[in-house]
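Just below is one structure, and these are the notes that go with it.
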Amino acid sequence: MALLGVDRVREAASLERRAAAFVVEPRNADEIAELIRMCEAEGIALAALGAMRSLTQIRRAPVALGISLRRMNRIIAHEPDDLTVIAEAGISVGALNAELAKSRQRLPVDPCQPDVTTVGALVAAAHAGPLRFSEGTARDLLIGIDFVGHGGRVIHGGGRVVKNVAGYDLMKVMGGSFGTLGIITTAIFKVRPIPAHYAVALVPHKRADDAFECAARLLEALPLSHLEVVSPGFAARFGAAGQFAVIAGFSGNPEEIGYQAKKSLELASGRGEIFNERQAEAHYAALRDLDFAAGPLSARFAVMPAELPATLDAIAGDYCAHAGNGVAEVALRAAQSLDSAQQVVAEWRERAHRTRGHLRLLAASEPIRGGLEFFHAPSDGALKLMRRLKQAFDPAGIFNANCFVGGL
Amino acid sequence: MASSIDPKLVEELAAIVGVEGIVSRASELKVYECDGWTVEKSAPDILLLPRSVEQVSRVLRALDRKGIAFVPRGAGTGLSGGALPLNAPVMICTSRMNKILTIDYANRRVEVESGAVNLHVTNAVKAKGFFYAPDPSSQMACTIGGNIAENSGGPHTLKYGVTTNHVLGVELVLPDGEVVELGGAVEERCGYDLVGAVVGSEGTYGVVTRATLRLMREPEGHRTFLATFPDVESATRAVSRIIASGIVPGAIEMMDKLILRAVDDAFHVGFDQAAGAVLIIELDGMEVGFAECSSRVIEMARAAGAKDVKLARDEAERQLLWKARKRAFGAVGRLAPNYCTQDGVVPRTRLPDILRVISQVSERYQLSIGNVFHAGDGNLHPIILYDEREAGQVERALGAGRDILKACVEMGGSLTGEHGIGAEKIGEMPLMFSPDDLAAMMELRHVFDPKERANPGKIIPRPGACVEVAAPRRQVPI
Chain W
2 MALLGVDRVR
12 EAASLERRAA
22 AFVVEPRNAD
32 EIAELIRMCE
42 AEGIALAALG
52 AMRSLTQIRR
62 APVALGISLR
72 RMNRIIAHEP
82 DDLTVIAEAG
92 ISVGALNAEL
102 AKSRQRLPVD
112 PCQPDVTTVG
122 ALVAAAHAGP
132 LRFSEGTARD
142 LLIGIDFVGH
152 GGRVIHGGGR
162 VVKNVAGYDL
172 MKVMGGSFGT
182 LGIITTAIFK
192 VRPIPAHYAV
202 ALVPHKRADD
212 AFECAARLLE
222 ALPLSHLEVV
232 SPGFAARFGA
242 AGQFAVIAGF
252 SGNPEEIGYQ
262 AKKSLELASG
272 RGEIFNERQA
282 EAHYAALRDL
292 DFAAGPLSAR
302 FAVMPAELPA
312 TLDAIAGDYC
322 AHAGNGVAEV
332 ALRAAQSLDS
342 AQQVVAEWRE
352 RAHRTRGHLR
362 LLAASEPIRG
372 GLEFFHAPSD
382 GALKLMRRLK
392 QAFDPAGIFN
402 ANCFVGGL
Chain B
1362 MASSIDPKLV
1372 EELAAIVGVE
1382 GIVSRASELK
1392 VYECDGWTVE
1402 KSAPDILLLP
1412 RSVEQVSRVL
1422 RALDRKGIAF
1432 VPRGAGTGLS
1442 GGALPLNAPV
1452 MICTSRMNKI
1462 LTIDYANRRV
1472 EVESGAVNLH
1482 VTNAVKAKGF
1492 FYAPDPSSQM
1502 ACTIGGNIAE
1512 NSGGPHTLKY
1522 GVTTNHVLGV
1532 ELVLPDGEVV
1542 ELGGAVEERC
1552 GYDLVGAVVG
1562 SEGTYGVVTR
1572 ATLRLMREPE
1582 GHRTFLATFP
1592 DVESATRAVS
1602 RIIASGIVPG
1612 AIEMMDKLIL
1622 RAVDDAFHVG
1632 FDQAAGAVLI
1642 IELDGMEVGF
1652 AECSSRVIEM
1662 ARAAGAKDVK
1672 LARDEAERQL
1682 LWKARKRAFG
1692 AVGRLAPNYC
1702 TQDGVVPRTR
1712 LPDILRVISQ
1722 VSERYQLSIG
1732 NVFHAGDGNL
1742 HPIILYDERE
1752 AGQVERALGA
1762 GRDILKACVE
1772 MGGSLTGEHG
1782 IGAEKIGEMP
1792 LMFSPDDLAA
1802 MMELRHVFDP
1812 KERANPGKII
1822 PRPGACVEVA
1832 APRRQVPI
């Protein structure tokens, strides 16, 4: 650790302890490269920590060395006229967007609590929120990446331009790899203009079926920004306690907003309410920040969009369903014994599987975490390729070991 | 041409694909000696036209046993020599696996065999108000498998993204014949994003035989403008203003003087022959929003120097503009016996700089270069005209292309926006990527193809190999 100086190597504190025993805070990719070479030689497992919101929920045991990118949090370049930004992985999505907003632009990927989600975690743990419906996820917006791989090699993929097919797509390989293939140091994104106006239609329903039918009508008729159905446990936050709330966001110029507002009220048979500007933003933030990492047991379903209502039917938990995407986050409120948690997860998986989908656990409380499988196993053929990929990119097996799909 | 393949193996392959599925006569193989990158030519020893994934798998197993390399091919419309056989005696063409298997409107998905033609997918769903977004200019012929290999784009990718944003799952036959299902039909992925790795891998991971694609809802309406400018500088200025204003058009395409003339001769669009450049600007979305957006676009185009901004009056006029744009390459055939095109990318704000460079290169090499390109993305398509019958012209055309690409990279851009590296630009890869980057890419390739038998000699230059492709490997006069 001598190379970094004593002030940047320390014992893990509070929340960090769930993820790592010791923490280092390198200043640049070269220092990370040194650390990786040392860890490979000594067989020490390491992992990038982000802001601890992903890793601490899914690691069964801490790694020896946590890499905090707290000191690598600069925006290297923002080119407003090119709609691109280059940022170090340690900056939070919130801080990045605060800077972009000065040019009326944004990175339209909206993880829960963007101020405590780093860009590195956004990419590595594939976080996404309501805007995935209209803007895609980090997968769709990441146009370039730097990471430090095995042997301390600093690897660059993609580039700074919005369209680029030179070389293999290392952004896709690193995206959603949960830190198991290397340490992401820089991400390059295409960004988007902030829409001129934004409004929200909120439509409460007593029955889930009716809510999803209403959502389907909106989806069919309007080019929405996002479309959610939240279960009664969450609906209180949107003034619809005890009901299933359809929350549809739309954006555009005043004419487009007016038209979509009118149309959505018609489609909701007059039951809905329209919120504009500040109120709309508040509802949006509440929706984005529904926190599924805090519960004793939470998961994300991915199924065919039309199968979402049947999949979520009679789920004993609260959910936020991204109705246009076929994706839903689900949380149990009460603590679970390991037995009952395993049973619940098995039932959820079976539901997802029945509709050609799958399920990933987002968080589980510490007593039950060790006995649960977080990732859905892919097909045998795909898993074999994934094992080869892990072996190729991490021959020493040090990057966030034993945390990912199939024990990778 | 005498086949280098053991006759017994040829028999075995014929038994798998049937006699109608194998082509081994030299005269018939000539059609397959190049794709849209016509500078280099090399015919395969045999061509196979399998009809099913089982046939593809059995073929690859047989080739694997003998250690024989192969090159996959869709419709052969690629522009970077991706389907050029280099040390690969067997070509596997997916054109007979062209079925659209299932259309699922409720979930906005379509499942197709990889030989399905791009435009056929949209044609199959448009009556219900849907479309498949990536729309390369060759979409009347090119296949979904080829699009997946090249991660193809098209004019409307400015708003809707390229192929990788629209492919959810693929069935891939690995070079040893194993069939793997990657991804699926749902949005999230289990484990590593191997679908994302396969899209854009230019046939070097095996043969994609099936894919699940996203469908998009047709926007309520379009407004397509033809803006005429005195020069390319003012046209690029308009592009920057529109993009920076927060409007995201469906497409912004530019054609310069040379292209305008060729296109007008071919399609009689009525372009102003005195114009230095035109932009085709297409807005799409809700009818109610167009009035405001349209007037802003017209205003910005005029402020940037447009002499005239015309709105396509009806669908027929709109289609004529797109026909002119998408068939511009074909129209250029009238200007010179041969052409090659590049598809370098620059940050949008550097468009005026790169266009100046292209004009200097044109003078330096004494070759005409036309420009027709995706201005909104900064994705160039300089069309370099030459005559291969004249001594030295091929080399000059290649040299001009290399200089342009080098300038793109120096401006912070890329060697290719949508055509792929293929055989054409493999020598330029070190301009963009370090030896470590390339080594990591090679490690990724070996995950799928450890023996490098799928489309060898593409994308990644061999370490230590001579990376300068000074002249075409072999030229066959047409």
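Line order of the protein sequences matches chains W and B.
Read in our numbering, the first sequence has 269 at position 268, and its numbers run on one by one without any break.
Read in our numbering, the second sequence has 1691 at position 330, and its numbers run on one by one without any break.
We put the CB at the ideal spot given by N, CA and C, even for glycine.
query, result
"Residue-chain proximity (residue 83 of chain W, chain B), Cβ-Cβ < 8 Å", "yes"
"Nearest-angstrom Cβ-Cβ length linking residue 190 of chain W and residue 142 of chain W, presumed shorter than 8 Å", "5 Å"
"Interface flag, residue 1609 of chain B vs chain W, CB-CB below 8 Å", "yes"
"Which residues DSSP lists as bridging residue 1407 of chain B, in chain order", "B:1451"
"Interface flag, residue 1783 of chain B vs chain W, CB-CB below 8 Å", "no"
"Cutoff 8 Å: residue 1700 of chain B Cβ touching any chain W Cβ", "no"
"Of the listed residues W:295, W:147, W:299 and W:326, nearest to residue 34 of chain W (C-alpha basis)", "W:147"
"Residue burial classification, residue 1402 of chain B (beta-carbon count within 10 angstroms, cutoff 16)", "buried"
"Continuous beta strand (DSSP E) assignments of at least 3 residues falling wholly in the region 262-310 of chain W", "274-277 and 298-303"
"Minimum Cβ-Cβ distance from residue 171 of chain W to chain B less than 8 Å", "yes"
"Every unbroken alpha helix (DSSP H) within the region 1592-1616 of chain B, with a cutoff of 4 residues, ordered by chain", "1593-1605"
"Cβ neighbours of residue 1843 of chain B in the same chain (closer than 7 Å, five flanking residues each side left out)", "Here chain B has residues from 1362 to 1839 only, and residue 1843 of chain B is not among them."
"Exposure label - residue 242 of chain W; buried when at least 16 CB within 10 Å", "exposed"
"Member of B:1376, B:1389, B:1433 and B:1366 whose CA lies at the smallest distance from the CA of residue 1783 of chain B", "B:1433"
"Chain B contacts from the region 154-168 of chain W (Cβ-Cβ distance under 9 Å)", "154, 155, 156, 157, 158, 159, 160, 161, 162, 163, 164, 165, 166, 167 and 168"
"Residues that residue 1 of chain W contacts on chain B, provided the C-beta gap is smaller than 8 Å", "What is shown of chain W runs 2 to 409, which leaves residue 1 of chain W out entirely."
"First and last residue of the uninterrupted alpha helix (DSSP H) at residue 339 of chain W", "339-355"
"Residue 167 of chain W and residue 1775 of chain B closer than 8 Å at C-beta", "yes"
"Beta-carbon contacts of residue 1502 of chain B that lie in its chain and below 7 Å, excluding the five residues immediately before and after", "1436, 1438 and 1478"
"Sequence-distant residues of the same chain with beta carbon closer than 8 Å to residue 236 of chain W, five excluded per side", "205, 242, 243, 244, 245 and 246"
"Beta carbon of residue 228 of chain W nearer than 8 Å to that of residue 324 of chain W", "yes"
"Cβ shell of residue 1368 of chain B (< 6 Å), same chain only, five flanking positions each side left out", "none"
"Partners in chain W for residue 1504 of chain B, counting only beta-carbon separations shorter than 8 Å", "Within chain W, no residue comes near residue 1504 of chain B; the closest Cβ sits about 17 Å away, beyond 8 Å."
"Residue 182 of chain W, enclosing alpha helix (DSSP H) - first and last residue", "No alpha helix (DSSP H) contains residue 182 of chain W, which DSSP labels as neither H nor E."
"Close-in-space but distant-in-sequence residues of the same chain around residue 1837 of chain B (CB under 8 Å, 5 per side omitted)", "Its pLDDT being 33, under 50, residue 1837 of chain B is placed unreliably in this model, and the value from its coordinates should be taken loosely. So the qualifying residues of the chain are 1394 and 1402."
"Contacts of residue 1601 of chain B in chain W (Cβ-Cβ under 8 Å)", "82"
"According to DSSP, residues forming a beta bridge with residue 396 of chain W", "In DSSP, residue 396 of chain W forms no bridge with anything."
"Sub-8 Å separation of residue 1 of chain W and residue 1790 of chain B beta-carbons", "Since the displayed chain W opens at 2 and closes at 409, residue 1 of chain W lies outside it and no answer follows."
"Residue 62 of chain W versus residue 363 of chain W: straight-line alpha-carbon distance, rounded", "16 Å"
"Closest residue to residue 1406 of chain B among B:1430, B:1737 and B:1440 (Cα-Cα distance)", "B:1430"
"8 Å Cβ cutoff met for residue 174 of chain W and residue 1805 of chain B", "yes"
"Ordered list of beta strand (DSSP E) runs contained in the region 1502-1546 of chain B, each at least 3 residues", "1528-1534 and 1540-1544"
"Any 3 or more C-beta pairs closer than 8 Å across the region 1724-1741 of chain B and the region 1609-1629 of chain B", "yes"
"Member of W:355, W:264 and W:322 whose CA lies at the smallest distance from the CA of residue 234 of chain W", "W:322"
"Euclidean distance between Cα positions of residue 153 of chain W and residue 405 of chain W", "22 Å"
"Proximal residues to residue 38 of chain W (C-beta, below 6 Å), its chain only, five neighbours per side dropped", "153"
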